[in-house]
Amino acid sequence: MARRPLPRILTNSAPLARMAHSASLARSREFARSAADSASDVFHPLITIGRGLRRLGAAGRGRWADTPKDQRGPLAFFVAACVLVVWLVPYGPLLALIGVMGAGAWAGRERTPVATGPSEAETERLRALYEALVPYLSAEGDPSPLYAHGGDWERAFAEYTFDDSGRLERLQLKYPAYFTDGEDRSRVRIEQVLYAKAGRGREYRFTWDELANQLALTVLDALPTDIAAQRFVTSPGETVLGFTDPDSVQRTLPVTGGEETRDAPPVVWRTGQRSTEPHLLVLGQPGTGATTLLRSIALQALQHGDVLVIDGSGTGEYGCLVGRPGVLGVESGLAGALATLEWASHETERRLIAGNRARQAGGAAPDDTRRPLWIIADRPTALSHIAVAEELDDPQRWLQVPLRHGRAAQVTVVVADQFETAELLSDPVRAHTKARVVLGPATAEEVRAVLGAPPHTTPPAQVPPGRGYARLGNAPVLRLQVPATPDPLDDATGQAHREAVTALLPEHTVPADEAGPSEPVSGGKRVDVGKAVAAGPSVRADGAEADDGPAADDGPAAAEAAPEAEETGAVAEPVGASARVRTDKGDEPRVIKGSVEAVRTEG
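Numbering that gives the first Met the number 0 puts the first residue of the sequence shown at 0, with every later residue one more than the last.
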């Protein structure tokens with residue numbers, strides 16, 4: 000039986016193609032598309048509200064599923080009570096409907112997708128950093144290495160943040176448990192790699208978490224350098240060495256920087272009888288701000304105590320302190336420094352003896368032993384070198400007693416020197432100065448040698464004056480920026496800084512042209528300490544010569560002088576190793592050789 004042929008319209012596709020490309024069909028498609036767009040615009044609010052109600056319903060179902068079964072009954076009762084209250088309130092259903100529609104519209108709005116993850120350039124930087132760490136954080140035989148060439152860097156880097164310029168700002172990475180994170184050499188090697196790959200020219204802080212095997216890298220902001228000398232809000236016994244990072248200390252102080260007042264985190268050094276770090280050592284390169292720090296400490300110490308300055312450099316950086324109340328002396332020569340430090344040693348012993356006698360008698364310590372005494376020695380090694388050349392005593396020898404017993408006697412010693420001459424510092428200075436400061440550019444090895452621990456930050460690209468590190472006892476190493484305290488007598492000092500330092504200085508009591516560097520002021524009276532000590536018993540406290548007599552010899556006369564002075568109500572004045580007892584009975588004064596105080600009657 001023959002098969003009938005199909006109609007031509009079904010076998011030939013040309014008519015269908017012509018129909019598809021006909022003008023009428025094109026117009027129909029355009030009309031349908033326009034109608035759909037118009038309907039979408041018209042019903043867009045309803046679509047948005049419907050999408051929002053669907054999301055709210057899904058959230059409600061999820062909340063109901065997460066609610067424990069024993070709490071579903073009270074929750075259902077609370078919802079039913081709310082519905083009943085809304086139903087009974089006038090216009091309550093209408094207001095509830097409006098509120099639900101508004102919530103649905105807000106929940107169903109189209110949100111712009113937020114770009115997550117690093118960009119292509121940031122990804123390349125993270126991958127390069129990962130590859131650089133592979134040789135140091137991988138080991139042969141590891142079945143599942145966290146660091147491997149061509150590995151997944153997203154497993155190793157838990158958190159990362161980039162700034163607006165595309166530079167790495169924060170990174171938290173994981174490392175294998177077999178990495179020797181307890182060795183400083185291994186830590187330094189990883190820190191050097193991160194510092195090189197993250198970008199030089201910035202300061203980074205490295206925080207090691209040995210328990211979780213994680214390392215955090217954070218970019219640090221530069222410390223402010225606009226804080227000048229001013230009266231800081233501190234209690235007696237507290238000295239502000241400088242300022243550090245906000246997250247390093249738990250305290251802030253109001254400071255004035257430029258034309259604004261703000262809170263800044265200080266590095267506070269506590270001295271006194273309960274201090275664990277009663278003495279301070281400052282080391283640095285020339286011109287890095289060691290003298291500025293000592294001048295700042297002296298200005299703060301004058302608020303509650305007396306200051307004795309030894310200027311070994313002899314440049315006159317402390318000339319602004321001459322003739323000021325509370326400044327016992329400013330010595331720059333070897334003879335004056337020896338005499339002054341010898342008196343300071345004897346004064347420390349006197350304070351200890353007086354305090355011990357007062358405690359044994361059941362009373363309070365005398366007032367003259369409770370006022371803090373500050374011994375500020377700037378570059379004492381320069382004077383030690385001169386003393387060796389002239390075959391004289393080393394001035395540092397007289398610092399031994401104040402360093403060992405200064406905490407109990409309210410005597411604080413501050414020593415500053417340079418790295419080149421640090422080996423000339425005596426053993427007592429190194430042993431008893433638990434508070435340390437390093438200023439200026441220094442390597443991690445130098446900082447560790449001085450502070451006892453390496454810094455956890457990278458060195459800055461540019462080191463301003465007064466910039467360094469500080470460590471108080473066993474506390475962590477802190478970044479430090481010393482407040483600007485220049486010499487007001489220097490012509491290069493700006494007017495603003497000169498006025499700031501001058502405002503902190505006490506008023507003159509002795510004209511500056513009359514009080515020389517070898518004439519410290521004590522008790523409102525100038526005393527030539529160097530002359531008194533060098534001349535021995537033949538020089539009185541007022542500088543006049545006295546005839547030697549039998550009373551000047553060592554022996555019972557010295558023992559009789561102390562009770563005799565106590566009976567006459569005499570007052571002590573430091574004048575060196577010699578002393579003269581002056582009574583109110585009109586007797587001729589006697590000189591006590593080896594005593595540490597000159598006794599005179601009041602009035």
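We put the beta carbon where it would ideally sit given N, CA and C, even for glycine. Note that the structure is predicted; figures quoted are calculated from it, not measured.
Residue i versus residue j: straight-line alpha-carbon distance, rounded
{"i": "proline 475", "j": "glycine 150", "result": "36 Å"}
{"i": "valine 462", "j": "leucine 216", "result": "21 Å"}
{"i": "serine 118", "j": "isoleucine 189", "result": "25 Å"}
{"i": "aspartate 244", "j": "glycine 181", "result": "25 Å"}
{"i": "leucine 94", "j": "alanine 104", "result": "15 Å"}
{"i": "proline 453", "j": "glutamate 390", "result": "39 Å"}
{"i": "alanine 499", "j": "proline 487", "result": "9 Å"}
{"i": "glycine 451", "j": "arginine 204", "result": "18 Å"}
{"i": "tryptophan 268", "j": "glutamate 237", "result": "6 Å"}
{"i": "alanine 138", "j": "glutamine 171", "result": "21 Å"}
{"i": "leucine 333", "j": "threonine 314", "result": "14 Å"}
{"i": "histidine 345", "j": "aspartate 377", "result": "21 Å"}
{"i": "alanine 615", "j": "proline 458", "result": "Within the shown structure, residues of the chain are numbered from 0 to 602, placing residue 615 beyond reach of any answer."}
{"i": "glutamate 544", "j": "aspartate 490", "result": "With a pLDDT of 38 at glutamate 544, under the threshold of 50, the modelled position of that residue is not reliable, and the figure given next carries that caveat. If I take the Cα positions, the gap works out to 41 Å."}
{"i": "serine 33", "j": "phenylalanine 42", "result": "14 Å"}
{"i": "aspartate 393", "j": "valine 387", "result": "7 Å"}
{"i": "isoleucine 48", "j": "glycine 107", "result": "6 Å"}
{"i": "valine 400", "j": "alanine 155", "result": "56 Å"}
{"i": "alanine 360", "j": "valine 414", "result": "36 Å"}
{"i": "alanine 79", "j": "glycine 165", "result": "54 Å"}
{"i": "threonine 66", "j": "valine 446", "result": "58 Å"}
{"i": "arginine 28", "j": "alanine 35", "result": "11 Å"}
Contact belief for residue i with residue j at Cβ below 8 Å, rounded distance in angstroms
{"i": "glycine 467", "j": "glycine 439", "result": "6 Å"}
{"i": "leucine 222", "j": "aspartate 305", "result": "No, leucine 222 and aspartate 305 are not in contact; Cβ-Cβ is about 32 Å, not under 8 Å."}
{"i": "proline 379", "j": "aspartate 416", "result": "7 Å"}
{"i": "aspartate 310", "j": "valine 329", "result": "6 Å"}
{"i": "valine 218", "j": "leucine 479", "result": "With 8 Å as the limit, valine 218 and leucine 479 do not qualify as a contact, their Cβ atoms being about 19 Å apart."}
{"i": "arginine 250", "j": "proline 264", "result": "7 Å"}
{"i": "tyrosine 159", "j": "leucine 125", "result": "6 Å"}
{"i": "threonine 291", "j": "proline 485", "result": "7 Å"}
{"i": "threonine 456", "j": "glutamate 202", "result": "6 Å"}
{"i": "alanine 353", "j": "threonine 368", "result": "5 Å"}
Counterpart residues of residue i in DSSP-defined beta bridges
{"i": "leucine 216", "result": "Leu170 and Phe205"}
{"i": "arginine 269", "result": "Glu237"}
{"i": "glycine 283", "result": "Gln417 and Leu438"}
{"i": "threonine 255", "result": "Thr260"}
{"i": "aspartate 310", "result": "Asp377"}
{"i": "glutamate 158", "result": "Gln171"}
{"i": "alanine 120", "result": "Per DSSP, none; premise fails for alanine 120."}
{"i": "isoleucine 226", "result": "Gly256"}
{"i": "tyrosine 468", "result": "Val437 and Arg478"}
{"i": "leucine 372", "result": "Asp305 and Val410"}
{"i": "glycine 328", "result": "Leu307"}
{"i": "alanine 483", "result": "Ala227"}
{"i": "threonine 456", "result": "Arg204"}
Residue i burial status per 10 Å Cβ neighbour count (16 or more: buried)
{"i": "cysteine 319", "result": "buried"}
{"i": "glutamate 444", "result": "exposed"}
{"i": "isoleucine 374", "result": "buried"}
{"i": "serine 594", "result": "For serine 594, the pLDDT reaches just 31, beneath the cut-off of 50, and the residue's location in the model is therefore unreliable, although a value from the coordinates is still provided. Buried."}
{"i": "leucine 74", "result": "exposed"}
{"i": "valine 82", "result": "exposed"}
{"i": "proline 573", "result": "Only weak support is given to the placement of proline 573: the predicted model assigns it a pLDDT of 39, under 50, and the value that follows is read from those uncertain coordinates. Its Cβ being crowded by 16 or more others within 10 Å, proline 573 is buried."}
{"i": "histidine 507", "result": "exposed"}
{"i": "proline 142", "result": "exposed"}
{"i": "serine 383", "result": "buried"}
{"i": "valine 449", "result": "buried"}
{"i": "glutamate 276", "result": "buried"}
{"i": "valine 88", "result": "exposed"}
Residue i versus the options, residue with shortest Cα-Cα distance
{"i": "tyrosine 174", "options": "Arg184, Leu167, Glu168 and Tyr129", "result": "Tyr129"}
{"i": "leucine 52", "options": "Leu96, Asp393 and Gly200", "result": "Leu96"}
{"i": "phenylalanine 231", "options": "Ser295, Glu316, Leu279 and Asp489", "result": "Ser295"}
{"i": "valine 410", "options": "Phe205, Leu301, Ser37 and His278", "result": "His278"}
{"i": "tryptophan 207", "options": "Leu132, Ala499 and Val187", "result": "Val187"}
{"i": "proline 134", "options": "Gln399, Val192 and Leu292", "result": "Val192"}
{"i": "alanine 227", "options": "Ala502, Glu202 and Leu423", "result": "Ala502"}
{"i": "glycine 283", "options": "Ala469, Glu29, Glu258 and Ala64", "result": "Ala469"}
{"i": "arginine 429", "options": "Asp392, Ile352, Gly472 and Val387", "result": "Gly472"}
{"i": "threonine 255", "options": "Arg26, Thr508 and Ala483", "result": "Ala483"}
{"i": "histidine 148", "options": "Leu132, Val85 and Gly107", "result": "Leu132"}
{"i": "leucine 167", "options": "Ala195, Ser274 and Pro67", "result": "Ala195"}
{"i": "isoleucine 46", "options": "Glu109, Thr66 and Arg60", "result": "Glu109"}
{"i": "leucine 504", "options": "Pro285, Trp86, Arg323 and Gly72", "result": "Arg323"}
{"i": "leucine 136", "options": "Tyr146, Arg261 and Leu293", "result": "Tyr146"}
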